[in-house]
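First the structure, in the form of structure tokens, and then the observations on it.
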Amino acid sequence: MAKRVTVIDIGSNSVRMVIYEKTSRFAFHLLYEEKSKVRIAENAYKNGGVLQTQPMQRTFDALHDFMQISQSFQSRKVFCVATSALRDAPNKQEFIQRVKQKLKLNIKVISGEKEAYFGAIACANLLPQQKNALSIDIGGGSTEFALIDADNVSHTLSLKLGTVRLKELYFDTNNINAAITYIDEELEKIPLTNIQTLIGIGGTFRAISNAIMIQESYPLNKLHAFEYKRKTFEKFIEKVLVSDEKKLKKLSIEANRFDVIKPGTLILQRLLAKLNIKKIITSGVGVREGVYLSDLLRNSNHKFPHNYNTSVRYILDAHVEDVSFANQLSLLSKKLFDLTADYFHINKEYKTQLAIAAKLYPAGKSIHFYSQNKHTYYLIQTALEYGFTHKEIMLIATLTRYAKNKLPSTSHLSNYGSLLPQEDVIKPLSYLLSLSIILLSHRPRNIDFSLSFKEGTLYVSSKNTLYLAREAATKLHCKNEDFEVIFN
């Protein structure tokens, strides 16, 4: 696969472009992103789906600039997909041929089911693993659904429900009752299963989730994998549906969404009435990521290898020079956890997060040696993007921030309290990471000491003096005052 790949998504409302760079076999990161609200479907639904001249020209102009940007990044491969607006348009070939001739860009019009599949495989691969979940991608002309169970995608479905479509056919004439009837009839096509979680893809869902984050003063500035309860969702969308533009602004809905937020919100309200959903999770990924992954993972059934995380691998590729030392640090942290978890009364589930924190701890050094902890913390908060819950991200980030230093501060634990475990869990974990770093102060090629633990005492045995480790260990504070480290 080419190192740099461009994906362009022509939707009914917006046209978007992303450029991804591959850093190793399955690891990648977002290099560039651009979008334009071209509204290619503007006035089409009032005219039998026929694309109008001005919206087509806006889209053509945006694509022209996108191709120039892609070339500037020396992207070796370009995928361009079009969804509902072109799918439904009787005159789509006129636009497709013009783009092909003038811009040398091949547009692939994908089916609704394929659109649903692309969005779903992005969620299945790049969100924390979900059970019995339904993905919903509300676009301008259609809404796509798929069932997701772990990394399996099934029952893809596309319905002619979209924000621009509903706006032009019903909301512009204030015929809301007819819109509800139409939505309910379309939603009857969704297979009824034991769905526990709703995964939201697309602009409407992200706008609502972003507004909820702002309203609740959520501590982590990350929309992807943002979770909340059904009750919170229901209350908020009820407010959206009865608000004028002034009130929508107070609800933190962005102005460019005012004219289409209510049609999309009404779809969500009618869906909730139909399904017994308990948890809502926001996806920052969708069709574009799905198109990219379908190429990246084309030889592995569109799935990452077992226990592989692309974000962890990307940070290692881009920011950790000595990966063998990072692996050594991770291995030692797991050994210390196994020896002391019962003593500290720490649940076994935290072992993985401690090990990842240890592995990624050296990353910040690539930015600035003397502020390594600060930069590692920021990298993990931002670049540990895929496959983790917000609670996992904040724990891993916090452990690296205070590593080889003092224990996590009271103010930090208070600011991120809703996302972090209790103090009697996080402080021992912090100590174990710091102890792992200290024990490898002399950076051996292979671990040259053995560990044993008995009645609150950790015994470190080695043929070498481990002078630096001995010295540093005396300065390291453990919350459990009875805990002791003895070097033999």
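Per this note's numbering: the sequence shown = residues 921 to 1408. Even glycine gets a Cβ: it sits at the ideal position worked out from N, Cα and C.
Of the residues the options, the one placed nearest residue i, counting alpha carbons only
| i | options | result |
| --- | --- | --- |
| THR1063 | THR1260, LEU1107 and SER956 | LEU1107 |
| MET1314 | ILE1357, PRO1139 and ALA1246 | PRO1139 |
| GLN1189 | LYS1279, ASN1267 and PHE1125 | PHE1125 |
| ALA1053 | GLN1013, ARG1018, THR1076 and GLY1060 | THR1076 |
| SER1078 | GLY1122, GLU1033 and THR1101 | GLU1033 |
| VAL1001 | LEU983, ILE1346, LYS1223 and LYS1167 | LEU983 |
| LEU1396 | ALA1066, ASN1408, THR1385 and LYS1347 | LYS1347 |
| GLY1307 | TYR1290, ASN1293, CYS1043 and ASN963 | CYS1043 |
| ILE1187 | ASP1057, SER992 and ASN1325 | ASP1057 |
| ALA1277 | LEU1256, HIS1295, SER1250 and LYS1255 | SER1250 |
| LEU1191 | PRO1111, LYS1166 and GLN1248 | PRO1111 |
| LYS1199 | LYS1149, ILE1173, HIS1239 and THR1185 | LYS1149 |
| LEU1259 | THR1320, PHE1407, ASN1366 and LEU1371 | LEU1371 |
| THR1113 | ARG1018, ALA1066 and ASP1344 | ALA1066 |
| ASP1215 | ILE930, PHE946 and LEU1256 | PHE946 |
| GLN1292 | HIS1239, GLU1209, GLN1273 and GLU1014 | HIS1239 |
| GLU1209 | ALA1036, LYS1255, ILE989 and VAL1243 | ALA1036 |
| THR1320 | ASN1045, ASN1176 and TYR1281 | TYR1281 |
| GLY931 | ALA1317, VAL1029, LEU1118 and ILE1128 | VAL1029 |
| ILE1235 | ASN1097, VAL1345 and HIS949 | HIS949 |
| TYR965 | ASP929, SER992, PRO1010 and GLN991 | PRO1010 |
| GLN1116 | HIS1222, ALA1070 and ASN1097 | ALA1070 |
| ASN963 | GLN972, GLN1017 and LYS955 | GLN972 |
| ALA1127 | ILE1096, ILE1181 and LYS1151 | ILE1181 |
| ASN1410 | THR1272, ASP1008 and SER956 | It is not possible to answer for residue 1410, since the shown part of the chain is limited to 921 through 1408. |
| VAL958 | ASP985, GLY1120, LEU1274 and LEU1195 | ASP985 |
| MET1133 | ILE1173, GLN1248 and GLU1165 | ILE1173 |
| SER888 | PHE1015, ILE928 and GLN1050 | Nothing about residue 888 can be read from this structure; the chain reaches only from 921 to 1408. |
| PHE993 | THR926, ILE1119, GLY969 and SER1055 | THR926 |
| GLU1401 | ALA1303, ASN1196, ILE1041 and TYR1263 | TYR1263 |
Extent of the continuous beta strand (DSSP E) run through residue i
| i | result |
| --- | --- |
| PHE1373 | 1370-1374 |
| VAL958 | Element bounds for VAL958: n/a, residue is neither H nor E. |
| ARG924 | 924-930 |
| VAL935 | 935-942 |
| LYS1199 | 1199-1202 |
6 Å Cβ shell around residue i - same chain, five flanking residues per side excluded
| i | result |
| --- | --- |
| ALA1099 | LEU1086 and TYR1090 |
| PRO1183 | THR1083, LEU1086, LYS1087 and PHE1091 |
| GLU1411 | Past the boundaries of the shown model lies residue 1411; the chain is included only from 921 to 1408, so the question cannot be answered. |
| LYS1399 | LYS1347 |
| GLY1204 | LEU1143 and HIS1144 |
| ILE1153 | Residue identity check: residue 1153 is Phe in the sequence provided, not Ile. For PHE1153, where only same-chain residues beyond five positions count, the Cβ hits under 6 Å are ILE1200. |
| ILE960 | PRO975, THR979 and ALA1005 |
| SER1074 | LEU1067 |
Cutoff 8 Å; reference residue i; Cβ partners in own chain excluding five residues on either side
| i | result |
| --- | --- |
| LEU1171 | ALA1131, GLN1135, PHE1156, LYS1159, VAL1160 and SER1163 |
| HIS1310 | LEU1140, LYS1142, ALA1145, PHE1146, GLU1147 and LEU1339 |
| THR1318 | TYR1297, PRO1328, HIS1332, TYR1336, LEU1340, ILE1346 and SER1350 |
| PHE1369 | LEU1359, VAL1380, SER1381, SER1382, ASN1384 and LEU1386 |
| LYS1167 | LYS1159 |
Residues near residue i by beta carbon distance below 7 Å, same chain, minus five either side
| i | result |
| --- | --- |
| SER944 | ARG1233 and ASP1237 |
| ASP1179 | LYS1087 |
| ALA922 | ARG996 and LYS997 |
| GLY1122 | ASP1057, ILE1058, GLY1059 and GLY1206 |
| GLU1305 | HIS1144 and SER1231 |
| VAL1019 | PHE980, LEU983, LEU1025 and ILE1027 |
| PHE1407 | VAL1380, LEU1386 and ARG1390 |
| PHE1038 | VAL1207, GLY1210, VAL1211 and SER1214 |
| LEU1299 | ILE1235, HIS1239, ALA1283 and GLY1284 |
| ILE1358 | LYS1324, ALA1389, ALA1392, ALA1393 and LEU1396 |
| GLU1165 | PHE1178 |
Start-to-end residues for the alpha helix (DSSP H) that takes in residue i
| i | result |
| --- | --- |
| ARG996 | Careful: ARG996 lies outside any alpha helix (DSSP H) and carries neither H nor E. |
| LYS1326 | Element bounds for LYS1326: n/a, residue is neither H nor E. |
| GLY1123 | 1123-1135 |
| PHE1411 | As displayed, the chain neither begins before 921 nor continues past 1408, which places residue 1411 out of reach and without an answer. |
| ARG1007 | 1004-1008 |
Contiguous alpha helix (DSSP H) assignments of at least 4 residues, all confined to the stretch 1079-1115 = 1083-1089 and 1096-1107
query = Do the stretch 973-984 and the stretch 927-935 touch if we need at least three Cβ pairs shorter than 8 Å?
reply = yes
query = Where are the alpha helix (DSSP H) runs, 4 residues long or more, that stay fully inside the stretch 1142-1195, in chain order?
reply = 1150-1161, 1165-1170 and 1181-1194
request  = Return the chain-ordered ranges of every alpha helix (DSSP H) run that is complete within the stretch 1209-1287 and spans a minimum of 4 residues.
outcome  = 1230-1239, 1243-1264 and 1270-1280
query = Which ranges would you report for the alpha helix (DSSP H) in the stretch 1361-1408 if only whole runs of at least 4 residues count?
reply = 1387-1393
task = Counting only runs of 4+ residues fully inside the stretch 1019-1085, write out the alpha helix (DSSP H) ranges in chain order.
result = 1032-1046
inquiry  = Counting beta carbon pairs with one atom in the stretch 1018-1031 and one in the stretch 1278-1285, are three or more of them shorter than 8 Å?
reply    = no
inquiry  = Quick test of the definition: if touching needs 3 or more C-beta pairs under 8 Å, does the stretch 1369-1376 touch the stretch 1320-1339?
reply    = no
inquiry  = Report the start-end ranges of each alpha helix (DSSP H) in the stretch 1291-1346 that is 4 residues or longer and not cut off at the edges.
reply    = 1292-1303, 1310-1321 and 1330-1335
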